[in-house]
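Just below is one structure, and these are the notes that go with it.
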Amino acid sequence: MADEHAGHRKRMRARFLNDGLDGFADHEVLELALFFAIPQRNVNPLAHRLIRHFGSLHAVLEADAASLMRVEGVGEYAATLLTLFSHVARRMEKSRRRERGKIANRAQAQRYCQALLSGLRQECFYAVCLNAEMEVLGDALIARGSLGEVPAYPRLVAEAALRYNAHSLILCHNHPGGSLVPSLRDLEATRVLQRLLDGLEVALADHIIVAGGETLSMAGCGLLRRETAASKETVLYPAVDDGLRAADSSGEGVIRARLRKLQKEKENHENRDTEGKGV
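The numbers in my numbering rise by one with no breaks, and the one at position 237 of the sequence shown is 237.
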């Protein structure tokens, strides 16, 4: 029986480490937490008992220690652990409000997204929600895995924008493989999301890719859709690249050519700065 419980606990921990709490029932969330306060006993019945007594997971985690200890099977260690969650959540929110920054320019946006995605080994996609003063309201994890493999992401982006009452969004995701070049799937996802946000009257400020310690701003590369002054036609690529796009139907050559052009402009600018300083 002890081996059976140990195997069950190991499987539950593995589920959480792989997928987070997605797919966990409320009683399983409590069960996972109680593993750390009650190391030997089967805590599944206790988790169910707590849910029945308080009515919901939220009510269990908001209860005080004395109320929890009136439930059969809950001792001081378990009560302390369960009450800790709500206190930590409030402290996190207080810390988040205190540290809420203002993203005043593209460089700050790139640094923010790099910090958000740094060290992740799996591709993750975030929506950074901003108010009208470009202050960060919150970071919403939209998906793990390739954007093309997550058909629900438009709905989740819309939910994040509405939940935070965002004025604008910065989308960002990482390329663990190391390439900063956005794929055609990345660009298509951006196009779909920009249309979606237009309908919600939420601006898409940028879509930033993080890879190998570097960042790429789609807005900075001219890869976000824009309106032309003459026709109001929306295009994903700037008009200056039409010839390049026609020459390479895959689109990837356009992106690489633009990145090379931007890199050359950056080098020329740095060279002019160096010459101006007499170095």
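Beta carbons are placed, not taken as given, at the ideal position from N, Cα and C, and that holds for glycine.
- With a minimum length of 4 residues, the unbroken runs of alpha helix (DSSP H) contained wholly in the segment 37-66 fall at 44-54, 57-62.
- In this structure L32 touches F16 by the C-beta definition: roughly 6 Å separates them, less than 8 Å.
- Assignment of beta-bridge partners to I208 by DSSP yields C172, S217.
- In this chain, the alpha helix (DSSP H) harbouring G199 covers 184-199.
- When C-beta atoms of the segment 63-81 are compared with those of the segment 119-130, fewer than three pairs fall below 8 Å, so the two segments do not count as touching.
- As computed with DSSP, R144 is found in a beta bridge with C124.
- Secondary structure note for R70: it is in no alpha helix (DSSP H), with a DSSP letter that is neither H nor E.
- Distance from the Cα of I170 is smallest, within the candidate group R195, Y126, A158, for Y126.
- Per DSSP, D26 is one residue of the alpha helix (DSSP H) stretching across 26-34.
- Taking all protein chains shown into account, A6 has fewer than 16 neighbouring C-beta atoms within 10 Å of its C-beta and is therefore exposed.
- Annotated as proximal: T80 and A65, with beta-carbon spacing under 8 Å.
- Around the beta carbon of L21, fewer than 16 other beta carbons sit within 10 angstroms, so the residue counts as exposed.
- If the five residues before and after S86 are omitted, its C-beta is found closer than 7 Å to the C-beta atoms of L61, E62, all from its own chain and listed in chain order.
- Separation of the CB atoms of N44 and C124 is rounded to 31 Å, and the pair is thereby denied contact status at 8 Å.
- Per DSSP, E159 is one residue of the alpha helix (DSSP H) stretching across 153-163.
- The residues H207, L224, in chain order, have a CB closer than 6 Å to that of M218 in the same chain once the five nearest residues on each side in sequence are set aside.
- Note on geometry: alpha-carbon atoms of A160 and G73 lie some 39 Å from one another.
- Close CB contacts of D139 within its chain, under the 7 Å cut and outside five residues either way in sequence, are with L116, Y126, V128 (chain order).
- Only residues of its own chain outside the window of five on either side were considered, and among them L32 have a CB closer than 6 Å to the CB of M12, listed in chain order.
- Bridge pairing for K102: E135 [DSSP].
- Excluding five sequence positions before and after A47, the CB atoms of its chain that fall closer than 6 Å to its own CB belong to H27, L30, E31, given in chain order.
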